[in-house]
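Working notes, structure below.
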Amino acid sequence: MLSPLLDPFNEFGSLPGWILAAVLPAAGGVLLGLVAVVGCGVLALLRSHTAVAVCMAQIVDCLLLTALGLLLFALLVVAFLATLNWGASRSGSGLDELPGSPPREAYFQDLLFQLERVENDVLALSDWASVAHNYAELTEACKARKIAVIHCVEGGFQLGASEQSIEEHVALLAERGVAYVTLAHLLFRRIATNAAGIPFLSDGMYHILAHQPSEGLTKLGQAAVRAMFCNGILIDVTHMSERAITETLDLLEQLEREYAVTTPVPVLATHIACRFGTYEYNLSAATITDIGKRNGLMGVIFCDHWMHDGPSNQDPRGERDTFEMVKKNIDWIASIISTIKRPTESPHKCTAIGSDLDGFIKPMLRGLEDMAGMSYLETRLRKEYPAAAHLILSENALRVLKSAWRRPNCEGKTQTSPSAAGS
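Read left to right, the sequence shown gives residues 8 to 430 (my numbering).
Structure, rendered in structure tokens:
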């Protein structure tokens, strides 16, 4: 309801409306209270010059200073978030909409514009890079020793504002070569409820400021999952709430029965850490197991905050070996996958690198702040995992892309009724 009123701020791209809507009313309340207290104090002073009046005046002074201090703090918070959001909006990740704001059809046109920009930018570097729109083009780029750029989308709210438009838009994205879509992101936008994913807010404070419904996938989210399943676009569950992940996997199982798909469709969690503590953004053992059963892929993130989840991972002085943090997550995933894999399979078959090096997440793990640190990481991986480093570095990702990218699951198949599929 407040979103249209905040559009001027949103268009400016500097003040996150959802914070603004919480802070400014609170500041207004403080000011009203301040005026009431000052008014009472003035009346008392006018009526009497007794010691009581003097004492009351002193109390008013203290309250005034306290209120002004709180107001100043609130304004500093808004200024900090404004600066943060200004930087985020420049990278296309602005927190400039209220939680629960509906998707807008115009977002999809913005998305197509960004895809075109990527294509044009890479075309200018064609001697050593190319955009891969399918697995065959990816293979050609690798053979030519070129960097292969693959389109992906973060934020399902960009897919459309209705079930019909989502179906049409996802089909178009598949034709454009989009490999996967991360359905949830930083704020709930009526697609899928998300885990708290803003490092400077605790999980509890996040859910107070950005309240979400109890459901996991909305009707629009279900439409997105169906369209991606049918068109061969992989689903990324990063940023999703536990319930949204469960409902996504349940819906995939239902679709596989309806369309007689015998091999489970792989699911991605492209930039995650393991839940050693309480951060809901990080993957639980149950989710790791579910992704492993689908021969999916989990990319280990380099974000310092998520990697230090749990008391045993705290490193206040920054003295811990960066690679040891990465290794701990790799080993934890492998320990879970080893309980469900076939005897001939590697326990590292579902692990990849999910750096999230997008310029927005800071601080990163020391030494892995940019691509210059990748050679160091590769060296350590090959030394620590001589039999599995090639899987973690590239082959797991190639396997998943080859098996599911642009491989439609509904084409030419007769849909079985849900009742028959479940019998």
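Ideal Cβ placement from N, Cα and C applies to all residues, glycine included.
| query | result |
| --- | --- |
| Backbone secondary structure at E161 - three-state DSSP | strand |
| Distance CB(G163)-CB(L132) smaller than 9 angstroms | no |
| Stretch pair the stretch 309-316 + the stretch 290-300: three plus CB contacts closer than 8 angstroms | no |
| Helix, strand or coil at V307 [DSSP, three-state] | strand |
| Member of H218, E402, L130 whose CA lies at the smallest distance from the CA of H355 | E402 |
| Alpha-carbon to alpha-carbon, C62 and F195 | 50 angstroms |
| R183 beta carbon less than 9 angstroms from that of H140 | yes |
| Between the CA atoms of K334 and L400 - distance to the nearest angstrom | 13 angstroms |
| Own chain partners of P206 with C-beta closer than 7 angstroms, once the 5 adjacent residues on each side are dropped | H312 |
| V244 (DSSP reduced to helix, strand or coil) | coil |
| Same chain, Cβ closer than 6 angstroms to Q219, five either side skipped, listed in chain order | F195, T200 |
| Start-to-end residues for the alpha helix (DSSP H) that takes in L194 | That residue, L194, is in no alpha helix (DSSP H); it is neither H nor E in DSSP. |
| L408 and I157 closer than 9 angstroms at C-beta | yes |
| Neighbourhood of I340 by C-beta distance below 7 angstroms, restricted to the same chain and skipping five residues each side | C281, I295, M305, C357, T358 |
| Between the CA atoms of A411 and T351 - distance to the nearest angstrom | 22 angstroms |
| Proximal residues to P11 (C-beta, below 8 angstroms), its chain only, five neighbours per side dropped | Confidence at P11 is low in this model, with a pLDDT of 41, below 50, so its placement is unreliable and the value that follows should be read with caution. Excluding residues within five positions, none has a Cβ falling inside 8 angstroms. |
| DSSP state of S108 mapped onto helix, strand, coil | coil |
| Assigned exposure category for L259 - 16 Cβ within 10 Å defines buried | buried |
| Distance, A178 Cα to Y4 Cα | This structure does not reach residue 4, given that the chain is present from 8 up to 430, and the question cannot be answered. |
| Continuous beta strand (DSSP E) stretch holding H278: start and end | 274-279 |
| Proximity below 9 angstroms, CB of C159 to CB of P415 | no |
| As assigned by DSSP and simplified to three states, the class of A95 | For A95, the pLDDT reaches just 49, beneath the cut-off of 50, and the residue's location in the model is therefore unreliable, although a value from the coordinates is still provided. Three-state result, A95: helix. |
| Whole-Å CB distance - L227 paired with I173, under 8 angstroms assumed | 6 angstroms |
| Length of the line joining the Cα atoms of V125 and R373 | 29 angstroms |
| Buried or exposed by the 16-neighbour rule on C-beta atoms within 10 Å, applied to P109 | exposed |
| Given V188 as reference, the closest of I154, H246, A151 once Cα atoms are compared | H246 |
| Coarse secondary structure for A231, derived from DSSP in three states | helix |
| Three-state class that DSSP yields for V156 in the structure shown | strand |
| For G167 and E3, believed in contact at Cβ under 8 angstroms, the rounded distance | Because the chain here runs from 8 to 430, residue 3 falls outside it and cannot be looked at. |
| Rounded distance between the beta-carbons of I360 and V307, thought under 8 angstroms | 6 angstroms |
| Where I360 falls: helix, strand or coil (DSSP) | strand |
| Buried versus exposed call for T431 [16 or more other C-beta atoms within 10 Å across all chains shown] | Residue coverage of the chain in this structure runs from 8 to 430, which leaves residue 431 outside it and unanswerable. |
| Spatial distance of V37 from A202 (CA atoms) | 32 angstroms |
| Whole-angstrom distance between L256 and L105, CA atom to CA atom | 28 angstroms |
| Inter-residue spacing [alpha-carbon to alpha-carbon] between M378 and L122 | 23 angstroms |
| Boundaries of the alpha helix (DSSP H) in which G138 is found, first to last residue | The sequence given here places Val at residue 138; Gly does not occur at that position. Taken as a continuous stretch (DSSP letters only), V138 belongs to no alpha helix (DSSP H), being part of the beta strand (DSSP E) at 136-138. |
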